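Structure first, then comments.
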Amino acid sequence: MRKSASIPQNRPQNRPQNGEPARAEAARAEAARAPRATAARASAPTSKPQPSASQVDPVQTARAAMLDGVGREIAASFPGITRLGGQIVAALYLEGAPLSMDELSEMLGRSKSNVFANLRALEAAGIAVRQRASGTRHDTFALRGKYPDVVVGAYLSRLRRVVVDKVSLCNRSLELLGEAEGDEADALRDKLTSLRRKYERFATVFADIVPMTDGPVDLEEIIDAVPETMMQMLAAMAKRALARSPSSPSGTTTSGEPQRATTAIKRP
């Protein structure tokens, strides 16, 4: 009795049979590729039409530029205050009225926690102040004075503190150095003494010229109060000082302009 040949059980069932046209196999392969091509087209970035000039709101464009510019300025000038802090300053200035934390959060599109952190930093810097009107349950925030006077005053106060701190740092370092001897100790002592002298001169200028205030400083008012002849004299002195500044290896000043001979400059 003959045994029937066993048929493999794992033979692909969709394999084309003998005589099946080759185009049927090609059609199935194309159908399998179609979903992948559709998904690839769906995930490809699509170019959005740019708004025309007539669709751009010039008021919002100018406002956004102001928020971004003041944000960068404040963040670069005050440690601990981010660009959002500067945008808060600009928003309070443009609004012209106190705003609550919720209002600032909604206006700037940022979380309340980030807004609150920057408000506290602005308060510490003397730029913003917290208020609460009688009969209200929520605080509002406003600039401590006119902009940019309030920022100028805060920056000068910070610069004055930096100068005082650096004088103290030099004194402490010299005390730690003590009576140490040797070339290295002598070189360090000379550098610390020179640096202290420079900062002490800065401190003298601040004490004699810069207003001793922790509030807003109106530089425009100060400049207007200076006689024209004195302004010209100060400008000439500044030019002479810049002309004597150390030059770069290429023979130019730190501003990049060719260094001028100091002997050619006469006092007014």
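My numbering puts the first residue of the sequence shown at 20, with every later residue one more than the last. Backbone N, C-alpha and C fix where the C-beta goes; we use that ideal spot for every residue, glycine too. None of these values were measured; they are calculated from a predicted model.
Delimiting residues of the beta strand (DSSP E) encompassing residue i
i    : result
Q150 : A147 to Q150
F160 : T159 to L162
Sequence-distant residues of its chain with Cβ nearer than 8 angstroms to residue i (five each side left out)
i    : result
Y218 : V182, K185, V186 and C189
L127 : L86, L103, Q106, I107, A110 and V134
K131 : M120, D121 and S124
A204 : L196
Q150 : P117, D158, T159, F160 and A161
V148 : E142, F160, A161, L162 and R163
I242 : M250
Option nearest residue i by Cα separation, candidates the options
i    : options                  : result
A144 : D87, T155, S153 and R163 : R163
V108 : A254, D202, G128 and G90 : G90
M85  : G99, P98 and L113        : L113
A222 : G115, R179 and S132      : R179
S119 : I242, Q79 and A152       : A152
S96  : T80, S132, R156 and L141 : L141
P167 : I242, L238 and P117      : L238
K165 : P117, R220, A244 and R82 : P117
G234 : R177, E200 and A254      : R177
T101 : Q74, D76, V75 and R129   : R129
Same chain only: Cβ atoms within 7 angstroms of residue i, ignoring 5 sequence neighbours per side
i    : result
K285 : Reliability fails at K285, whose pLDDT of 41 lies under 50, so the model's placement of it is uncertain and no value is given.
I319 : In this structure the chain extends from 20 to 287, so residue 319 is not present and cannot be described.
G105 : V89, G90, R91, E92, I93 and A94
L214 : C189
P27  : With a pLDDT of only 49 at P27, under the threshold of 50, the placement of this residue in the model should not be trusted, and no figure is reported.
G99  : A140
Residue i: first and last residue of the uninterrupted alpha helix (DSSP H) it sits in
i   : result
D87 : P77 to S96
Cβ neighbours of residue i in the same chain (closer than 6 angstroms, five flanking residues each side left out)
i    : result
D76  : none
A199 : none
Quick check on the DSSP output: what are the complete alpha helix (DSSP H) runs of length 4 or more inside the region 191-272, in order along the chain? 202-227, 238-244 and 247-262
Does the pairing of the region 198-217 with the region 125-145 give three or more beta-carbon distances under 8 angstroms? no
Across the region 189-202 and the region 251-261, are there enough close Cβ pairs to call them in contact, namely three or more that are closer than 8 angstroms? no
Tell me the start and end of each unbroken alpha helix (DSSP H) in the region 105-154 that is at least 4 residues and wholly inside, in chain order. 120-127 and 131-143
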